[in-house]
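Here the structure is laid out as structure tokens; the discussion comes afterwards.
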Amino acid sequence: MLREGKIGVFEAISVITFMSATKVLYSSSRALVEASGTSGWLTTIVSGVTALAGFYFIILLMSRFPGQELVSVFETVFGRFAGIIFSLLMSVFFLLNSAMFAREFIEAVKVYAYPLSPPSFLLVIFILAIITVLYFGFECVARTAALFAWPMLAGLAVIVILAVPLYEMSNLYPVLGHGPACIIKTGLLRSSVYGDALALAVVINSLQGSEHFKKSGVTAIILSTAIIATGFLIYNLSFPYYIASESTIPVYALTRSIEYGRFFQRFEAIFLFVWSISGILASAINLYFALSTYSKVFRIDDHRALILPQTVIIFSVSLIPLDISSIAYEHVNHIRQYGSAIYFGIPLLALLVAVIRGIRGEQAGA
Amino acid sequence: MRKKTALLSLLLLLLPAAGCYDRREPDEIAYVVAIGLDKGVTDRLRLSLQIVRMADESGARGMPGGGGQDTSPGDEPIIVTLDCPSLFTGMNMANSSISRKFNLMHAKLIIFSEELARSDDFEKQISGLMRYIEIRRIMHILVTRGKAEDFIRENKTLIGKNPPKTMQMLTDSSALTGMIPDANLFNFYNDFKSTFQRPIAILAGLNTFENLKNPGRGEIQESTSGGNYLAGELPRKGYLKRELLGTAVFNGTEMIGELNGTETRALAMIRGEFKRGFYTIKDPLKPDYLVSLEVFPARKPYVKVDLRGETPEIFVKIRLEGDLLAVQSAENYEKPDMKPVLEQAFESEIKSQVDSLVAKCQKEFKSDIFGLGRSVASKFLTIEDWERYRWHEKFPGATVNTEVDFIIRRTGLILKPSPLVTDGGVHK
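Chains as they are written, first to last, in the numbering used here: chain R, 1221 to 1586; chain B, 495 to 922.
And the structure:
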């Protein structure tokens, strides 16, 4: 039995928010701007609301099986073999997320900060930081996330405030971007951005009961939606729609454009801090959930035995995409568009099967 | 033991995190402060790079702000000029004579020659610039009448020790006078691809000092605005030939015209970018005398759009306030019943400048450099509807009505001037 310790609501919210909200700092936000034009901020609110609905089904599922974690629920509902398959699918998805965060980060660092450093060199440093965090277990991961939550929020708030002179209300026109149908369709498709709340179900026994699970998940989705929607809003306010979809990393482009006279320029230094901490934490958290799911499937008691092999996999997987174009246009885009099937599709399927077959957890049935 | 190992690992992480592959000593870099681009002769582009003087080993000269000395007034700036296919290859080619790697991170100005700006090549140059990390979008964009190379050679520092500061302050004068636009690469590029409005750049030129006529050879202009000149035409002489005055106007991807200083101020007022400026108008009661005012924006301009008719109707209200600087006639314009006389005269003067500029942009340039399209776009719900409307084609035929609202807030150090005295010693 994997011992993961206990965490509070704030830690749980921080973990999920880092997983979800960090995406606005990477290239996938450009894809959303391209898809939705001036209404990126509205589209992501639709995604957030969809994710809340999806999370409601996860709450319903978990409430049928009190005391059981998601891996165990899948085994109860689908049987041992099919349960393992679904759990491993989740584990692979977390792993893929972690690898893509790592590679996106490295490519962006190559573009913006360290153009001469080899990607593998940057990746090794990135992964060493992840290993250090993971080695001390879930409690350490969660507390590190909680520790950096306020500084990260403060960093983002500073960027939002400093960019005020760049805001031009007319950049939000036409307000509905490519139209209401596009907002709803894109919003639904990209709801996986907030699907990370599912990860709480993997470690539900580390939370202080199901109430904390609900509270943490819902709050994290709302908070992440607020952060991402704000990110899109300030980006849409600063850049007209035809330029907004050009930047490799939209928020970075925004911080580079801030200036206050001769003395106060180059605010990307603040962004680099927010960006690197968030990137490392998002990748580490995703990798932890991959490890945790895998350990629970195969009844491995100590996750530390898996850290090195999994990080080697991360290293290798993250180097598979040939270039930044294939990462941005294909890999990350596919993860965002089809991730909902994993995040919400599998739990919904489990809920349906459980309801139809009348399966309940032992404690619930008692 | 575990804690020590972890601590040691963390400390070891700090070493590579310093980014040793990308390490650069400041004195290994040639910092470019201004980039000049002309049409090339033996290749597509003639590139001129103005470089900050670096500290030599004895420390006789230094980086600006680094504590060392810098160019003294008589010093020539370091300038490299060469023909090349692109800016980036040009920097490599320039390295055949200059050992340090060029770095554009501190470049303050990018200067295009008028010839290049008016050609098809301009579009290619702008589009090719924006991808490179060292090109900062906060650098200002200039179009010089004549060659960019010549402008850069005259782009010297006269006061102070810091060339980058000089370049920055040069363009900062936009906020002081309004006679040049605040045109940085960020705004220019946004407008370059815009469906809302057309881009503008700062107009630059070299003054040969021949416009300052000797007595008996010139004639006094009827104008009082002081801004009816283009860059390089000011009647002045002394030290620096470099001059920034007016606006380069673009229609789509090419430069199509110029605005003088006065027109540039009117443009800034409509765009809501006017910060302050001294104005001189004829005294409304005694036209032989002049009145000077310092003018500020009171509020952002109000723009109302009506698209119900065949042609779009746009109403622009400019709201200004100001202080009295000088009243040559000693008329008591400070009195509440006299103040409106002067205010209306100023409103009328500005309205005629604004109307004339709008007409010029509609008829001559066919270019919405005011950003009126932004207000028009607010009437559309989707991007597709907006783009189908084709604002740039509609703008020349649009009805633009303007109104100027001006109030004198302060009267300077005098609240009631005493009358002037005639030759006979009687108050006029």
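Backbone N, C-alpha and C fix where the C-beta goes; we use that ideal spot for every residue, glycine too.
Subject >> Coil, strand or helix - F1325 (chain R) by DSSP >> reply: helix
Original post:
Could one say the Cβ of V1331 (chain R) lies closer than 8 Å to chain B's Cβ atoms, at least one of them?
Top reply: So yes, V1331 (chain R) belongs to the interface.
Original post:
Got a sec: is the Cβ-Cβ distance from Q1485 (chain R) to anything in chain B below 8 Å?
Top reply: yes
Original post:
Can you list, in chain order, the residues of the region 847–871 of chain B whose Cβ is nearer than 8 Å to any Cβ on chain R?
Top reply: Within the region 847–871 of chain B, the qualifying residues are G865, R868, S869 and A871.
Original post:
Between E1479 (chain R) and chain B, is there a C-beta pair that is closer than 8 Å?
Top reply: yes
Original post:
For H634 (chain B), which three-state DSSP category applies?
Top reply: strand
**OP:** State the Cα-Cα distance for the pair F1230 (chain R) and Y1246 (chain R), rounded to the nearest angstrom.
**Re:** 25 Å
Original post:
Hey, how far is the Cα of T665 (chain B) from the Cα of H634 (chain B)?
Top reply: Taking the straight line from one Cα to the other gives about 7 Å.
**OP:** Starting from the N-terminal side, write out each stretch of the alpha helix (DSSP H) that is 4 residues or longer and does not extend beyond the region 722–797 of chain B.
**Re:** The qualifying runs are 755–765.
Original post:
Quick one: Cα of V870 (chain B) to Cα of V799 (chain B), how far?
Top reply: 6 Å
**OP:** Just the C-alpha distance for V848 (chain B) and E727 (chain B), rounded to the nearest angstrom, thanks.
**Re:** 22 Å
**OP:** Output, in chain order, the set of chain R residues within a Cβ distance shorter than 7 Å of I632 (chain B).
**Re:** S1477, E1479 and Q1485
Original post:
Candidates B:Q838, B:M832, B:M749 and B:T876: which alpha carbon is nearest D614 (chain B)'s?
Top reply: B:M749
**OP:** For the alpha helix (DSSP H) holding E609 (chain B), just list the boundary residues, first then last.
**Re:** E608 to A611
Original post:
How is the beta strand (DSSP E) around D521 (chain B) delimited, first residue to last?
Top reply: Here D521 (chain B) belongs to no beta strand (DSSP E), and DSSP marks it neither H nor E.
**OP:** Could you pull the start and end residues of the beta strand (DSSP E) that I572 (chain B) belongs to?
**Re:** I572 to C578
Original post:
When the cut-off is 8 Å and only beta carbons count, does R1223 (chain R) lie next to chain B?
Top reply: no
**OP:** Express the C-alpha separation of I1236 (chain R) and A1504 (chain R) in angstroms, rounding to a whole number.
**Re:** 12 Å
**OP:** Can you check DSSP and say which residues form a bridge with T893 (chain B)?
**Re:** B:E807
Original post:
Residues in its own chain within less than 6 Å of V574 (chain B) by CB, not counting five upstream and five downstream?
Top reply: Short of 6 Å from the beta carbon of V574 (chain B), and not among the five residues preceding or following it, lie these beta carbons of its own chain, in chain order: L543 and A588.
**OP:** Under 8 Å Cβ to Cβ from K857 (chain B), same chain only, skipping five residues before and after it: list those, please.
**Re:** P890
**OP:** Would you mind giving the Cβ-Cβ distance between N649 (chain B) and A528 (chain B), rounded to the nearest angstrom? I have them listed as a contact below 8 Å.
**Re:** Contact holds; Cβ gap of about 6 Å.
**OP:** Consult DSSP for Y1355 (chain R) and reduce its assignment to one of helix, strand or coil.
**Re:** helix
**OP:** Say whether the region 1429–1436 of chain R touches the region 1452–1460 of chain R, bearing in mind that this needs 3 or more beta-carbon pairs closer than 8 Å, one atom from each stretch.
**Re:** No, the region 1429–1436 of chain R is not in contact with the region 1452–1460 of chain R.
**OP:** Note the first and the last residue of the continuous alpha helix (DSSP H) segment covering I1555 (chain R).
**Re:** V1552 to S1560
Original post:
Can you tell me whether V789 (chain B) is buried or exposed, with buried defined as 16 or more other CB within 10 angstroms of its CB?
Top reply: buried
Subject >> Contacts around E1295 (chain R), its chain only, beta-carbon distance under 6 Å, and the 5 residues preceding and following it disregarded >> reply: G1303
Subject >> CA-to-CA distance, V546 (chain B) to P571 (chain B), given in whole angstroms >> reply: So the alpha carbons of these two residues sit roughly 7 Å apart.
Original post:
Is it the case that the Cβ atoms of T805 (chain B) and T893 (chain B) are separated by a distance below 8 Å?
Top reply: Yes, they are a contact pair.
**OP:** Check whether the Cβ atoms of R802 (chain B) and F744 (chain B) sit closer than 8 Å, and answer yes or no.
**Re:** no
Original post:
Hey, F1358 (chain R) and F1325 (chain R): beta-carbon distance below 8 Å or not?
Top reply: No, Cβ-Cβ distance for F1358 (chain R) and F1325 (chain R) is not below 8 Å.
Original post:
If you measure from the beta carbon of V1361 (chain R) to each beta carbon in chain B, is any gap under 8 Å?
Top reply: No, its Cβ sits nowhere closer than 8 Å to a Cβ of chain B.
Original post:
Is Q662 (chain B) close to chain R, meaning its C-beta is less than 8 Å from at least one C-beta of that chain?
Top reply: yes
**OP:** Anything in chain R within Cβ reach of I627 (chain B), meaning under 8 Å, just list it in chain order.
**Re:** In chain order: V1331, Y1332 and P1335.
Subject >> Residue burial classification, F1491 (chain R) (beta-carbon count within 10 angstroms, cutoff 16) >> reply: Taking all protein chains shown into account, F1491 (chain R) has 16 or more neighbouring C-beta atoms within 10 Å of its C-beta and is therefore buried.
Original post:
Going by other Cβ atoms of all chains shown within 10 Å of its Cβ, with 16 needed for buried, is P729 (chain B) buried or exposed?
Top reply: Here P729 (chain B) is exposed: its Cβ has fewer than 16 other Cβ atoms, across all protein chains shown, within 10 Å.
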